Amino acid sequence: MPEILEVEAARHVVEDHALGRSIAGVDAPDAWYLKRGLTPAAVRSALPERRFVAARRRGKLLLLDTDRRRRAGTRAPTDAGLGPTLALHLGMSGRVVVDGTAAGDPLVYASNRAETTWHRFTVHFADGGALILSDPRRLGAVELDPDEDRLGIDALAVTTPDLRALLARRRGPIKAVLLDQHGIAGLGNLLVDEILWRASLDPNRPAISLDPPEQGRLGRVLRTTLGVLGRRGGSHTGDLMVARVPGGHCPRDGAPLRRETVGGRTTYWCPAHQR
DNA sequence: GATGACCTGTGA
DNA sequence: TCACAGGTCATC
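Okay, so the first sequence: first residue is 0 according to numbering that gives the first Met the number 0, each after it adds one.
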């Protein structure tokens with residue numbers, strides 16, 4: 000499931016394989032997939048003859064900056080300023096594939112008929128390759144020049160002071176606060192459960208109720224968890240993951256895990272050590 | 001701040 | 001056949 004770690008891996012694939020290549024065309028077969036007023040015609044006219052010059056990320060949003068158009072054989076720009084920024088959101092089942100290579104997938108992408116129908120958005124390069132956003136469940140999105148500030152501080156950059164400030168002004172459950180992309184951007188359901196389990200904090204605790212030592216602990220655990228799971232290969236590699244099933248037991252102390260809805264999402268946590 | 005809708009593949 | 005998963009947005 001694409002949370003910040005998967006999007007960062009996708010960003011890396013784009014950075015390593017898609018920058019600097021001339022864009023020849025765009026396939027946007029699913030107009031519903033284009034958000035905030037973007038139309039297939041608009042995106043088809045915006046991208047060709049440009050190149051991606053940077054692959055950024057804010058939270059779970061992948062941001063691909065383009066350059067200005069240039070006349071063939073000259074260095075003179077034909078329009079002012081930089082080009083638009085293409086924003087890709089992977090939703091819950093999206094994958095970015097460049098020339099058949101997807102993040103975390105050493106195998107060549109076997110494009111069969113079923114998978115082709117999941118191609119919601121494709122950028123064709125002049126050299127014949129392509130960047131594809133494949134998404135079976137259609138909950139991802141493509142937009143142009145997004146409002147990046149609708150997202151909070153990136154989870155990979157958040158500091159303990161940032162976290163203290165955020166927790167201090169929220170009365171809702173800690174879990175809901177960590178999931179809210181306006182505050183901290185990038186954490187999803189699995190990562191938040193793993194972080195709170197490692198930090199020994201009850202997900203239902205009002206954020207405002209954490210004392211300074213607990214805030215500090217949460218900050219440290221947040222950073223180390225993202226580091227460890229990133230190295231292991233993603234959001235699904237947490238220690239809690241194996242036990243995250245109905246009837247599961249805490250990998251730390253063996254107590255039965257509780258399963259309930261917190262912050263609107265299915266939550267697994269250990270009442271024995273998360274307090 | 002909480003809830004349901006959005007969409008569709010998977011697994012019981 | 002149906003509950004469920006996931007992230008986000010509109011609405012209560």
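For every residue, glycine included, the Cβ atom is placed at its ideal position computed from N, Cα and C.
Since the model is a prediction, treat every value here as computed from it, not as a measurement.
**Item:** 4-residue-minimum alpha helix (DSSP H) runs that sit fully inside the segment 8-87, ordered along the chain
**Value:** 39-45
**Asked** For residue 119, which residues of its own chain have a beta-carbon under 6 Å away from its beta-carbon, when the five flanking residues on both sides are left out?
**Response** 29, 32, 132 and 134
**Request:** For residue 52, collect the residues of the same chain with a Cβ closer than 6 Å to its Cβ; drop the 5 residues on either side in sequence, then sort them by chain order.
**Result:** 64 and 66
**Prompt:** Does DSSP put residue 281 in a helix, in a strand, or in coil?
**Reply:** Residue 281 lies beyond the stretch modelled for the chain, which goes from 0 to 274, so this question has no answer here.
**Asked** If you drop the 5 nearest sequence neighbours on each side, which residues of the same chain put their C-beta closer than 6 Å to that of residue 196?
**Response** 239
**Prompt:** Since residue 131 is in the beta strand (DSSP E), which residue starts that stretch and which ends it?
**Reply:** 129-133
**Whole alpha helix (DSSP H) elements within the segment 125-204, 4-residue minimum** = 159-167, 173-178 and 188-197
**Asked** Any idea which residues DSSP pairs residue 261 with across the strands?
**Response** 264
**Request:** Assign residue 250 to one of three DSSP states: helix, strand, or coil.
**Result:** coil
**Request:** Identify whether residue 211 lies in helix, strand or coil by the three-state DSSP scheme.
**Result:** helix
**Request:** Pull up the CB-CB distance for residue 49 and residue 82, whole angstroms please, since I reckon it's below 8 Å.
**Result:** 5 Å
**Request:** State the Cα-Cα distance for the pair residue 234 and residue 40, rounded to the nearest angstrom.
**Result:** 36 Å
**Prompt:** Roughly how far, in whole angstroms, is the beta-carbon of residue 185 from the beta-carbon of residue 155, given that I think they are within contact range, below 8 Å?
**Reply:** 7 Å
**Item:** Sequence-distant residues of the same chain with beta carbon closer than 7 Å to residue 11, five excluded per side
**Value:** 102
**Pair within 9 Å by beta-carbon distance, residue 62 and residue 141** = no
**Message:** Considering only their Cβ atoms, is the gap separating residue 264 from residue 245 smaller than 9 Å?
**Reply:** no
**Request:** Flag this pair as yes or no: are the beta carbons of residue 149 and residue 181 separated by less than 9 Å?
**Result:** yes
**Request:** Please classify residue 27: is it buried, with 16 or more other beta-carbons within 10 angstroms of its beta-carbon, or exposed?
**Result:** buried
**Request:** With a 10 Å radius around its C-beta and 16 neighbouring C-beta atoms as the bar for buried, classify residue 146 as buried or exposed.
**Result:** exposed
**Request:** Return yes when the Cβ of residue 25 is within less than 9 Å of the Cβ of residue 88, no when it is not.
**Result:** no
**Prompt:** Quick one: is residue 198 buried, meaning 16 or more other Cβ sit within 10 Å of its Cβ, or exposed?
**Reply:** buried
**Prompt:** What is the C-beta distance between residue 136 and residue 92, in whole angstroms, given that I count them as a contact (C-beta under 8 Å)?
**Reply:** 4 Å
**Prompt:** Among 262, 248, 260 and 261, which has the Cα closest to the Cα of residue 269?
**Reply:** 248
**Prompt:** Identify the residues that DSSP records as bridge partners of residue 255: which are they?
**Reply:** 248
**Prompt:** Quick one: is residue 212 buried, meaning 16 or more other Cβ sit within 10 Å of its Cβ, or exposed?
**Reply:** exposed
**Prompt:** How should residue 194 be labelled, buried or exposed, when 16 other C-beta atoms within 10 angstroms of its C-beta is the threshold for buried?
**Reply:** buried
**Prompt:** With which residues is residue 235 paired in a DSSP beta bridge?
**Reply:** None, per the DSSP bridge assignment.
**Message:** Judging by CA-CA distance, which residue of 231, 192, 143 and 159 is the nearest neighbour of residue 36?
**Reply:** 143
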